[in-house]
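Counting in my numbering, the sequence shown runs from 173 upward without gaps. Glycine residues also receive a C-beta, built at the ideal position from the N, C-alpha and C atoms. Working notes for the structure below.
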Amino acid sequence: MLEPRENIVMPHILRRNRKGLGQDQVYPSTFYSKEVNREENEEKPQQKIQKKTSSPLILPPPPIVSTQLLKKADKDEEYKAVERYRKDEVIPVPEDEDEFLYEKERSVVDSPVLENLNEDELPEEVEETIDNSSLDKEEVAEKTVNSDSHKQAEKQPEEKECPLAEDVLPSKRLQALLPVLLIQEEVEIELFNSFTLMRPLSSVSKVEWSVKSYKGCVLLPSNKVFLELILSADVDFVSEKDGSLQSLKMFLPLHKTVTVDWKYPPDFSCSHRGEYDFREKNDHLPSTHRVWEEKLAQPITIDLRSFNLIWHDELQKGKEGKTRLGVQGTAKVSIEGVQKQLVSLVL
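Here it is as structure tokens:
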């Protein structure tokens, strides 16, 4: 009878390694014939340790590049070639109105990739634009704050301390005689007059007007004003006989009655008359006493402020060879009426 043999399990690594034909290889024919020495097949731990603690890898030094001195001509040629290459690399910048560029910028800004990225992962250009925009906003905010503070400082008046009641002097009333403006009107007066000249004239070269005198009167208590003006005209004419230049002075009177509106009520003069009878105890006949009282007011003075005249003159030959000068126009006179009155002032 055959003696039973022990079953020996072959390692998995040795089972798959069929390419090599070393001594440690276990073949199927000898599987049941003899026992396999595990100690011989297994690697020794000392060998593994030696493999792990092998010497470091030493690389050879890099090759030394030889430097050659180039001539000036060679350097110029090399730089020229580089410049040409740089010029060829220039990319034209698109215009601002390019629709493709606008769509591209919008897609880059709105892309979800940039939203999900962290601050460190953002590109440098985006960070620069953000910094510039934030700086611009800060500058605008500072300017607005400064302008608002300046406006508030201008609007707010300076604070002044209110004086105490003891330091304020009591007010006083004073009566003063001052001129008060009562009338301010512009009066129009029509001109239509002719003058007989003793000398024959061929033409009139120049006429200058001026106010020689004026007078105004107000009949209180009515609001009627009577005006009287005398105008003076200096006429330069050419004589018909010898053609010489001569001058002549003429006077033109004007009258006008105007109804005015009071700008301030005037002071009127007034009078009062009375009779009183007296009788003594022992006398039966009464005695009569009369009283006359009158209150006077300052007169209203009329002043002439301005004078404007628009006219047309014409020469006409009358009978007996005499020449007549006709004048037609409108005179505008500005007047003011002032009266002195007692005015109460508070000091």
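**Request:** Can you give me the start and stop residues for the beta strand (DSSP E) that S416 sits inside?
**Result:** Numbered from 1 along the sequence shown, position 244 holds the residue referred to as residue 416. Looking at the DSSP string, S416 is not in any beta strand (DSSP E), and its letter there is neither H nor E.
**Asked** Near P351, which residues of its chain fall below 6 Å by C-beta distance, leaving aside the five closest residues on each side in sequence?
**Response** Position 179 of the sequence shown, counted from the first residue, corresponds to residue 351. V510, K512.
**Cβ-based burial, V499 [other Cβ within 10 Å; buried from 16]** = Numbered from 1 along the sequence shown, position 327 holds the residue referred to as residue 499. Buried is the call here.
**Asked** In terms of alpha-carbon separation, which member of K453, L341, E362, Y386 lies closest to I482?
**Response** The residue you call residue 482 lines up with position 310 of the sequence shown. The shortest C-alpha separation from I482 is found at E362.
**Member of L349, P458, L341, E358 whose CA lies at the smallest distance from the CA of V432** = To locate residue 432, count along the sequence shown from 1; it is residue 260. Nearest C-alpha to V432: E358.
**Request:** Out of Y448, L468, G501, point me to the one whose CA is closest to P438's CA.
**Result:** Walking along the sequence shown from the start, residue 438 turns up at place 266. With distances taken between Cα atoms, P438 lies closest to L468.
**Asked** Who pairs with P351 in a beta bridge, going by DSSP?
**Response** For the purposes of this step, residue 351 is taken as the residue at position 179 of the sequence shown. DSSP output for P351 lists K512 as bridge partner(s).
**Message:** Just to confirm the assignment, what range does the beta strand (DSSP E) spanning S385 have?
**Reply:** For the purposes of this step, residue 385 is taken as the residue at position 213 of the sequence shown. Where S385 is concerned, the enclosing beta strand (DSSP E) stretches over 373-390.
**Asked** Quick one, are the C-beta atoms of L417 and L497 less than 7 Å apart?
**Response** Mapped onto the sequence shown, residue 417 falls at position 245. Mapped onto the sequence shown, residue 497 falls at position 325. For L417 and L497, no; Cβs fall outside 7 Å.
**Message:** Using only the alpha-carbon positions, how far apart do E486 and V515 sit?
**Reply:** As a working note, residue 486 is residue 314 in the sequence shown. As a working note, residue 515 is residue 343 in the sequence shown. Cα to Cα, E486 sits roughly 54 Å from V515.
**Message:** Pairs of beta-carbons, one from the region 396-403 and one from the region 420-436, closer than 8 Å: are there three or more?
**Reply:** yes
**Asked** Does DSSP classify E492 as helix, strand or coil?
**Response** If you number the sequence shown from 1, residue 492 lands on position 320. In this structure, E492 counts as helix in the three-state DSSP scheme.
**Reduced DSSP secondary structure (H/G/I, E/B, other) of N395** = Residue 395 sits at position 223 when you count from the first residue of the sequence shown. When secondary structure is reduced to three states using DSSP, N395 falls in the coil class, being assigned neither helix nor strand.
**Message:** For S343 and L517, what's the separation of their Cα atoms in angstroms?
**Reply:** Position 171 of the sequence shown, counting from 1, holds the residue named residue 343. Position 345 of the sequence shown, counting from 1, holds the residue named residue 517. Rounded to whole angstroms, S343 to L517 spans 10 Å at the Cα level.
**Request:** Could you pull out every unbroken alpha helix (DSSP H) segment of at least 4 residues lying fully inside the region 417-495, listed in chain order?
**Result:** none
**Request:** Go ahead and label A348 buried or exposed: buried means 16 or more other beta carbons lie within 10 angstroms of its beta carbon, across all protein chains shown.
**Result:** Counting from one through the sequence shown, the residue named residue 348 turns up at place 176. Classification of A348: exposed, given that the 10 Å Cβ count is below 16.
**Message:** On a Cα-Cα basis, can you pick out the residue from F479, R345, I472, L519 that is closest to F440?
**Reply:** The residue you call residue 440 lines up with position 268 of the sequence shown. Nearest C-alpha to F440: I472.
**Asked** In the structure shown, what three-state DSSP assignment does L403 receive?
**Response** Start at 1 with the first residue of the sequence shown, and residue 403 comes out as number 231. Looking at L403 - three-state DSSP - the assignment turns out to be strand.
**C-alpha distance - K494 paired with S377, whole-angstrom precision** = In the sequence shown, counting from the first residue as 1, residue 494 sits at position 322. In the sequence shown, counting from the first residue as 1, residue 377 sits at position 205. Their backbone Cα atoms lie some 19 Å apart in a straight line.
**Message:** Just verifying my parser: in three-state terms, what is the DSSP assignment at S343?
**Reply:** Within the sequence shown, numbered from 1, the residue matching residue 343 stands at position 171. Residue state, collapsed to three classes: coil.
**Prompt:** For R462, which of D449, E360, F364 has the nearest alpha-carbon?
**Reply:** For the purposes of this step, residue 462 is identified with residue 290 of the sequence shown, where counting begins at 1. It is D449 whose Cα lies nearest to the Cα of R462.
**Classification of G388 by the beta-carbon crowding that lies within 10 angstroms, buried from 16 upward** = For the purposes of this step, residue 388 is identified with residue 216 of the sequence shown, where counting begins at 1. Buried, since its Cβ has 16 or more Cβ neighbours within 10 Å.
**Message:** So, at 8 Å on beta carbons, what are the nonlocal neighbours of L519 in its own chain, with the 5 sequence-adjacent residues on each side left out?
**Reply:** Within the sequence shown, residue 519 is the residue found at index 347, counting from 1. Contacts found: S343, K344, R345, L346.
**Asked** Where does L519 sit, in a helix, a strand or coil, going by DSSP?
**Response** Here residue 519 refers to the residue found at position 347 of the sequence shown. Here L519 sits in coil by DSSP.
**Request:** Just confirm the distance between the C-beta atoms of V407 and S375, as a whole number of angstroms; I'd bet it's less than 8 Å.
**Result:** On the sequence shown, residue 407 is found 235 positions in, with the first residue counted as 1. On the sequence shown, residue 375 is found 203 positions in, with the first residue counted as 1. Actually they do not touch by this definition, with Cβ atoms about 11 Å apart.
**Prompt:** Who pairs with E362 in a beta bridge, going by DSSP?
**Reply:** Here residue 362 refers to the residue found at position 190 when the sequence shown is read from its first residue. Checking the DSSP bridge columns, you'll see E362 partnered with T502.
**Message:** My output table needs one value for E333: the three-state DSSP class, helix, strand or coil.
**Reply:** Mapped onto the sequence shown, residue 333 falls at position 161. Three-state result, E333: coil.
**Item:** Of the listed residues N454, L353, S443, E380, nearest to K421 (C-alpha basis)
**Value:** The residue given as residue 421 occupies position 249 in the sequence shown. Among N454, L353, S443, E380, the Cα nearest to that of K421 belongs to E380.
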